[in-house]
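Residue numbers (the numbering used here), protein chains in the order written: chain A, 36 to 488; chain B, 36 to 488; chain C, 36 to 488.
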Amino acid sequence: MDPKVMADTLWVLVTAMLVFFMNLGFGCVEAGFQQSKNCVNILSKNFVVFACSTVAFWFIGWGLMFGDGGPWFGLKGLFMLHGADNSPATGDAYQGAYSSIAWTGVPLLAKFFFQLVFAGTAATIVSGSVGGRIKYLSFILFSFLLVGLIYPVTGHWIWGGGWLAKLGMWDFAGSTVVHSVGGWAALAGALVLGPRFGKYGPNGKINVIPGHSMSLALIGTFVLWLGWFGFNPGSTMAADPRLMAHICVTTNMAAATGVLGSTLIAWLLLKKPDLGMTLNGCLAGLVAITAPCAFVSVGSSAIIGFIAGVLVVLAVIFFDKVHVDDPVGATAVHLVNGIFGTLSVGLFAQDWVSPNTTGNGLLFGGGTKLLTAQLTGIGAVGLYTFFAALIFWLLIKHTVGIRVSLHEEIEGLDIGEHGNSAYPDFVIRKPHYTVLGLGSSVEEKAPEYAGKR
Amino acid sequence: MDPKVMADTLWVLVTAMLVFFMNLGFGCVEAGFQQSKNCVNILSKNFVVFACSTVAFWFIGWGLMFGDGGPWFGLKGLFMLHGADNSPATGDAYQGAYSSIAWTGVPLLAKFFFQLVFAGTAATIVSGSVGGRIKYLSFILFSFLLVGLIYPVTGHWIWGGGWLAKLGMWDFAGSTVVHSVGGWAALAGALVLGPRFGKYGPNGKINVIPGHSMSLALIGTFVLWLGWFGFNPGSTMAADPRLMAHICVTTNMAAATGVLGSTLIAWLLLKKPDLGMTLNGCLAGLVAITAPCAFVSVGSSAIIGFIAGVLVVLAVIFFDKVHVDDPVGATAVHLVNGIFGTLSVGLFAQDWVSPNTTGNGLLFGGGTKLLTAQLTGIGAVGLYTFFAALIFWLLIKHTVGIRVSLHEEIEGLDIGEHGNSAYPDFVIRKPHYTVLGLGSSVEEKAPEYAGKR
Amino acid sequence: MDPKVMADTLWVLVTAMLVFFMNLGFGCVEAGFQQSKNCVNILSKNFVVFACSTVAFWFIGWGLMFGDGGPWFGLKGLFMLHGADNSPATGDAYQGAYSSIAWTGVPLLAKFFFQLVFAGTAATIVSGSVGGRIKYLSFILFSFLLVGLIYPVTGHWIWGGGWLAKLGMWDFAGSTVVHSVGGWAALAGALVLGPRFGKYGPNGKINVIPGHSMSLALIGTFVLWLGWFGFNPGSTMAADPRLMAHICVTTNMAAATGVLGSTLIAWLLLKKPDLGMTLNGCLAGLVAITAPCAFVSVGSSAIIGFIAGVLVVLAVIFFDKVHVDDPVGATAVHLVNGIFGTLSVGLFAQDWVSPNTTGNGLLFGGGTKLLTAQLTGIGAVGLYTFFAALIFWLLIKHTVGIRVSLHEEIEGLDIGEHGNSAYPDFVIRKPHYTVLGLGSSVEEKAPEYAGKR
């Protein structure tokens with residue numbers, strides 16, 4: 036057996052496992068940042084979503100994304116990986132239905148496993164933003180649709196040999212393909228759902244609904260940071276020593292400066308180093324470096340991460356101002372910094388890092404060609420994903436329904452949706468609406484607080 | 036140095052680390068599914084058990100399991116790996132005391148480390164089922180006995196070149212060797228201990244004793260899912276690209292369909308998608324695919340996982356009906372699905388997946404020969420393990436004692452056994468017996484609720 | 036590409052990721068062992084510290100530690116890895132600024148990433164010991180100083196080709212370089228800060244301030260145990276099959292016997308098997324085996340771990356007796372056992388384990404030469420680190436200040452430092468000072484309980 040195939044497959048599988056583990060990270064971050072009365076529901080969504088993704092991506096998503104075909108989506112070997120394939124043969128030696136991913140010399144199922152965990156990431160991003168009010172079944176249905184039909188299409192454009200790849204757009208590990216796709220779908224969901232009861236009071240007052248466990252949130256963020264060492268360095272899909280090591284360092288550096296950037300700006304703007312902002316700053320840096328990690332220097336990665344850390348704090352404040360209720364800040368993290376990261380390729384790329392790929396970005400004398408391709412990709416993917424997601428969300432809303440009853444929402448989704456309670460041994464504070472000072476008048480005041488339900 | 040030995044060893048060690056990490060998974064699942072008043076005790080058991088396993092497997096277990104010898108147990112190199120061994124030499128070039136495992140070309144201590152973490156898994160399965168009433172010391176003693184003297188014997192039969200291996204029984208990664216052995220030992224323990232106080236009321240009423248943290252349970256399950264990517268793909272014990280990738284995908288697929296199967300059946304039977312059932316469905320799928328993961332197609336793995344997900348829900352209900360009190364459903368997960376998974380090899384195996392091993396199973400035209408061997412193995416291992424465990428449990432019961440006092444059990448084992456409290460800063464609800472409506476009459480009503488203590 | 040470079044780099048990067056993950060382990064252990072009112076603060080410190088370490092080690096630490104230069108610190112390629120380097124060339128073929136680490140054939144950034152996560156470990160050790168009373172900003176400043184200026188200097192002495200390396204001192208994975216350096220810095224911090232309010236009452240009474248979540252502590256310890264499989268076996272920095280496997284087993288064995296040793300001694304001395312002691316026993320075994328893991332037999336590792344488990348219990352009791360308030364026992368774990376582990380090389384080393392390195396230790400007929408070198412290293416590193424740390428702590432104390440106000444300390448640092456609360460949905464018991472029986476008189480009694488603030 037060729038030692039290179041052995042090492043490449045080892046690397047692809049181990050890093051895929053790390054990316055799989057990000058499901059735990061998302062689960063913990065999203066649960067920690069939301070209320071205990073919805074905890075079982077959030078955990079359930081974050082757990083079941085990867086099961087849905089597995090089935091949907093196996094059944095149709097993989098084929099749509101990597102099947103040979105036109106510029107828009109795959110046409111060959113669509114279902115259940117049934118297409119011909121002689122992997123780990125690469126390049127001209129490759130014969131099969133999935134030639135766009137024949138640049139990596141690993142077995143077909145290694146490619147599938149790696150891409151599957153990426154698809155799952157896009158789906159799990161959504162669950163946080165729609166938390167606290169979505170019906171469990173509706174979320175499950177959307178997850179199937181997202182991973183089966185939305186994600187693979189734009190994925191094909193960029194990674195499946197589609198029109199954006201041909202245009203010269205570069206997204207190494209998926210700031211756009213994964214994160215901003217998840218972010219756009221999350222934004223559409225949050226808009227269709229409307230804000231949680233009590234989030235925006237009468238007179239435009241913005242209420243803070245604090246999460247129930249910062250320990251969970253911290254566990255989740257560290258697990259995500261670890262998982263990103265699979266996400267980015269693994270996207271080499273080959274045991275390329277120099278590049279693997281380079282990406283480990285750029286990824287880690289951007290996470291670190293994201294932490295410092297968001298902590299600093301939160302300290303300045305909010306007067307205290309808010310831990311939620313610190314954690315989201317880390318994730319923002321990681322999302323932003325995902326596209327450029329293999330194209331920029333370590334120094335540039337430090338700058339990109341720091342900017343991302345600042346951006347995420349501003350974005351969280353902005354989305355709250357415009358009354359988009361995203362309980363965990365997923366749009367601020369994944370959408371805003373997915374866009375910024377993709378853009379940063381056009382600004383910071385340097386040819387020497389990965390020769391014969393991006394060339395130089397604007398700041399290194401490469402002109403605006405790359406930047407334009409990046410902008411085109413950002414716009415096209417955003418338009419398609421947002422509207423496709425919107426249509427599916429509305430379809431679900433007008434068939435099985437999308438939002439739980441006001442009573443269930445106030446009581447918590449754990450009882451209504453699952454018949455469980457996350458922490459039955461512990462004495463829980465009186466529900467949030469008494470904190471708002473609504474007391475027993477909650478039912479009559481409900482309309483004012485319920486937003487555009 | 037031979038690059039294959041390097042890659043093989045890398046794979047074996049990294050996957051062994053993932054299997055080691057399953058100790059955390061078991062700890063979190065078992066603690067999450069049980070009451071906070073017993074949390075320190077559960078965590079302690081799940082922590083100390085791997086220390087016991089390490090010492091017991093090193094001292095005697097490894098030799099009994101893999102030492103050359105007869106059909107029943109190893110006879111050479113019994114203690115502390117002192118046998119001759121020229122690993123990583125394989126096949127005819129191998130000279131040493133452990134020839135049954137000389138098919139993998141890695142150093143002796145890599146083999147030992149990998150097998151040790153498997154032995155530890157069997158032991159940690161037990162701790163959940165005996166939770167909430169067993170003496171800490173008694174559990175520790177049983178762990179030494181299980182890993183030192185019970186597990187290695189049946190392990191020898193199947194993986195150590197013993198009589199079941201010669202008979203043509205196949206258990207790739209241990210549905211029987213590890214999981215149903217752990218399950219049988221757990222069942223014997225649960226029977227000897229009797230149910231927890233209050234679990235089964237007068238008139239046969241089955242009381243639900245909810246776990247104290249679904250967050251912990253979710254963390255545990257995801258960690259186990261991750262760990263299984265070590266458990267199953269690592270059992271190649273070689274960096275075989277195609278097979279490693281195949282097993283990653285079959286393992287993941289069965290977990291996913293296990294999740295969907297158990298969620299669906301729980302939704303139908305219990306009217307709500309209970310998170311506990313969803314999590315146990317995942318574990319059931321993983322246990323079931325453990326034996327066949329290298330022998331069945333991806334499509335078959337989807338079916339096996341789904342059936343396992345349904346089975347575990349039915350089994351949990353069944354064990355409750357017959358008043359076997361297993362606080363975490365370990366028997367439903369590991370015993371029932373360990374058996375089912377081992378059987379499924381005889382049904383779903385296809386020769387092309389791993390040529391020259393199982394051949395085809397019943398559903399693919401292979402006849403009943405394989406199925407019969409599987410059934411023989413299931414029966415023989417079950418008989419030996421259940422009765423050996425029963426004898427040891429009874430021995431412990433009649434020497435150091437096995438169950439804490441009723442007072443200690445009602446108060447919680449954390450105070451009585453450890454002098455600790457898991458969450459001293461938090462206000463805990465009144466103990467379970469007031470929930471049962473027993474009020475201050477708990478002492479007088481105790482006999483009725485105490486079952487067959 | 037050379038398959039050895041591929042396998043070596045794979046190993047270095049994957050094990051570095053595991054060591055990175057130890058940040059989560061430290062975060063969970065330290066948070067779990069402290070009070071919920073300080074939880075956000077502890078988590079924040081443990082999260083931000085790796086971001087600080089990343090920037091500091093990149094900016095200057097790496098160069099000071101591994102840059103070519105004199106016996107005391109590096110002089111070449113000091114800043115931001117700008118020195119010449121033709122890695123993965125090794126030995127005589129190496130040309131560059133970092134020749135002391137040219138024995139491993141991996142790319143420069145792989146070396147940097149691996150060493151960075153080690154530097155981060157030293158820094159995160161400190162945070163536990165200074166918990167519950169240090170200002171957030173002061174801790175951040177110290178972290179930059181420790182990783183940028185203190186840790187790399189002694190690191191240079193031992194791993195960077197400095198005077199202790201030349202003297203024949205051996206510290207395979209950092210019992211001294213990492214753990215006792217962290218421990219000395221922690222001790223200096225704890226002394227400068229003084230004990231937490233209420234820890235030591237009038238008349239020398241020692242109050243127990245229990246941690247708020249044993250579940251968190253257990254998660255953390257298992258994550259650290261896992262991470263140590265990166266820490267020690269990864270320190271081969273090469274995919275050396277026999278040595279990697281050997282170190283996995285010695286590391287795991289010492290952890291296991293550490294667990295058993297500390298559990299046993301706690302059971303004997305404290306009458307109950309305290310879980311906190313069990314967990315710290317595991318960490319003690321791991322710290323102790325860190326230096327000798329590649330130099331001693333499996334049997335010796337079992338003895339070393341057991342002794343470490345006993346030592347940590349005695350050390351915790353000792354530090355409490357002398358009123359050094361270390362809320363998590365970090366000095367008992369990392370300092371005491373870092374010293375013991377380094378010493379144990381001089382006692383237990385056997386030439387055959389890693390030929391041409393240590394030779395035999397005292398117990399295996401090697402005489403006292405090695406032991407003397409180890410003792411010299413322990414003493415020199417301890418003196419330098421303790422006093423350098425002390426100076427920096429005092430510098431911080433007299434500029435930005437080091438300790439929060441008494442009011443903030445009693446209320447908890449989460450509100451005062453971060454404006455957050457870790458568990459806002461849960462009802463928390465009345466603060467610790469009411470438990471002490473101080474009632475409303477806390478303000479007037481404060482001086483008596485405040486120790487040498």
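Every residue gets a Cβ at the ideal spot worked out from N, C-alpha and C, and that includes glycine.
Since the model is a prediction, treat every value here as computed from it, not as a measurement.
Next on the checklist: Just verifying my parser: in three-state terms, what is the DSSP assignment at D360(A)?
Outcome noted: Coil, per DSSP.
Checklist entry - What residue range is occupied by the uninterrupted alpha helix (DSSP H) comprising P276(A)? => result It spans 276-305 - the alpha helix (DSSP H) in which P276(A) sits, taken as one unbroken run.
Next on the checklist: Just list the residues that DSSP pairs R438(A) with in beta bridges.
Outcome noted: Under the DSSP definition of a beta bridge, R438(A) partners with I169(A).
Checklist entry - Looking at C-alpha atoms only, which residue of M272(C), N391(C), L180(C), G60(C) is the closest neighbour of A220(C)? => result Ranking the options by Cα distance to A220(C), first place goes to L180(C).
Checklist entry - Going along the chain, which residues of its own chain have a beta-carbon closer than 7 Å to the beta-carbon of N73(B), five neighbours each way excluded? => result Excluding residues within five positions, the ones whose Cβ falls inside 7 Å are G166, G167, G447, L448, D449.
Checklist entry - Quick one: what's Y235(C) bridged to in DSSP? => result According to DSSP, Y235(C) bridges with I241(C).
Checklist entry - What do you get for G60(B), buried or exposed, if any count of 16 or more other CB atoms within 10 angstroms of its CB means buried? => result The residue in question, G60(B), is buried, as its Cβ has 16 or more Cβ neighbours within 10 Å.
Checklist entry - Between A208(C), S178(C), T256(C), which lies nearest to G224(C) when the distance is taken from Cα to Cα? => result Distance from the Cα of G224(C) is smallest, within the candidate group A208(C), S178(C), T256(C), for S178(C).
Checklist entry - Between F383(B) and S335(B), is the Cβ-Cβ spacing less than 7 Å? => result Contact: yes.
Next on the checklist: Measuring alpha carbon to alpha carbon, tell me which residue in W387(A), A274(A), V258(A), L303(A) is nearest A290(A).
Outcome noted: The residue with the shortest Cα to Cα distance from A290(A) is V258(A).
Checklist entry - Under the three-state reduction of DSSP, which class applies to D355(C): helix, strand or coil? => result Residue state, collapsed to three classes: helix.
Checklist entry - Helix, strand or coil for G104(B) per DSSP? => result Strand.
Next on the checklist: Between which two residues does the alpha helix (DSSP H) holding W192(A) run?
Outcome noted: Unbroken alpha helix (DSSP H) run through W192(A): 186-194.
Checklist entry - In chain F, what lies closer than 7 Å to T89(B) by C-beta? => result The structure shown contains no chain F; its protein chains are A, B and C.
Checklist entry - Hey, is L176(B)'s beta-carbon within less than 7 Å of any beta-carbon in chain C? => result No, L176(B) does not count as interfacial toward chain C.
Checklist entry - On the three-state DSSP scale, how would you describe G109(B)? => result Here G109(B) sits in strand by DSSP.
Item to check | T208(A) vs Y186(A) beta-carbon contact at 7 Å | outcome: The amino acid at residue 208(A) is misidentified as Thr; the sequence shows Ala. Not a contact, by the Cβ cut-off of 7 Å.
Checklist entry - Given that V462(B) touches chain A, what residues does it touch there, using C-beta distances under 8 Å? => result Residues of chain A with a Cβ closer than 8 Å to the Cβ of V462(B) are, in chain order, F461, V462.
Checklist entry - If the cut is a Cβ gap below 7 Å, which residues of chain A does F383(C) touch? => result Within 7 Å Cβ-Cβ: nothing; F383(C) doesn't reach chain A, min ~33 Å.
Next on the checklist: If the criterion is Cβ atoms closer than 7 Å, does the pair G196(A) and I95(A) meet it?
Outcome noted: Not in contact: G196(A) and I95(A) (Cβ atoms no closer than 7 Å).
Item to check | Contacting residues, own chain, Cβ-Cβ under 6 Å from E443(A) (five flanking each side not counted) | outcome: Answer for E443(A): G451, listed in chain order.
Checklist entry - Given S135(B), which residues of its chain have a CB within under 6 Å of its CB, disregarding the five upstream and five downstream residues? => result F101, G195, G196.
Next on the checklist: List, in chain order, every chain B residue whose beta-carbon is nearer than 7 Å to that of P308(C).
Outcome noted: Among the residues of chain B, those whose CB is under 7 Å from the CB of P308(C) are S79, Y171, H453, following chain order.
Checklist entry - Going by the beta-carbon positions, is the gap between V462(A) and R277(B) smaller than 7 Å? => result Result no, Cβ atoms of V462(A) and R277(B) do not sit closer than 7 Å.
Checklist entry - Roughly how many angstroms lie between the CA atoms of S332(A) and T285(A), to the nearest whole one? => result Looking at the two C-alpha atoms, the distance is approximately 7 Å.
Item to check | Segment limits, alpha helix (DSSP H) that includes E65(B) | outcome: Annotation for E65(B): the continuous alpha helix (DSSP H) segment containing it runs 38-67.
Next on the checklist: At the 7 Å Cβ level, is G109(C) part of the contact set with chain A, yes or no?
Outcome noted: For G109(C), the closest Cβ of chain A is not nearer than 7 Å.
Checklist entry - Leaving out five residues before and five after H247(A) in sequence, what residues of the same chain have Cβ atoms less than 6 Å from its Cβ? => result These residues qualify, in order along the chain: Q70, S71.
Checklist entry - DSSP beta-bridge partners for F461(A)? => result As DSSP reads the structure, F461(A) sits in a beta bridge with I463(B).
Next on the checklist: Short of 8 Å Cβ to Cβ, which residues in the segment 50-74 of chain B face chain C?
Outcome noted: Those would be A51, M52, F55, F56, N58, L59, G62, C63, A66, C74, in chain order.
Next on the checklist: I'd like to confirm something about I374(A): is its beta-carbon nearer than 6 Å to some heavy atom of the ligand ATP, or not?
Outcome noted: This structure lacks the ligand ATP, and indeed carries no ligand of any kind.
Checklist entry - T45(A) to A329(B), Cα distance in whole Å? => result It is Leu, not Thr, that sits at residue 45(A) in the sequence shown. Taking the Cα positions, L45(A) is about 17 Å away from A329(B).
Item to check | Cβ shell of W205(B) (< 6 Å), same chain only, five flanking positions each side left out | outcome: Answer for W205(B): V380, T393, listed in chain order.
Item to check | Neighbour flag for W93(B) against chain A, beta carbons, 7 Å | outcome: Interface residue (Cβ-Cβ distance to chain A less than 7 Å): W93(B) is not classified as such.
Checklist entry - Just how far apart, CA to CA, sit V161(A) and A86(A)? => result Cα to Cα, V161(A) sits roughly 15 Å from A86(A).
Item to check | Cα-Cα separation between L48(B) and A145(B), rounded to whole angstroms | outcome: If you take the alpha carbons of L48(B) and A145(B), they lie about 6 Å apart.
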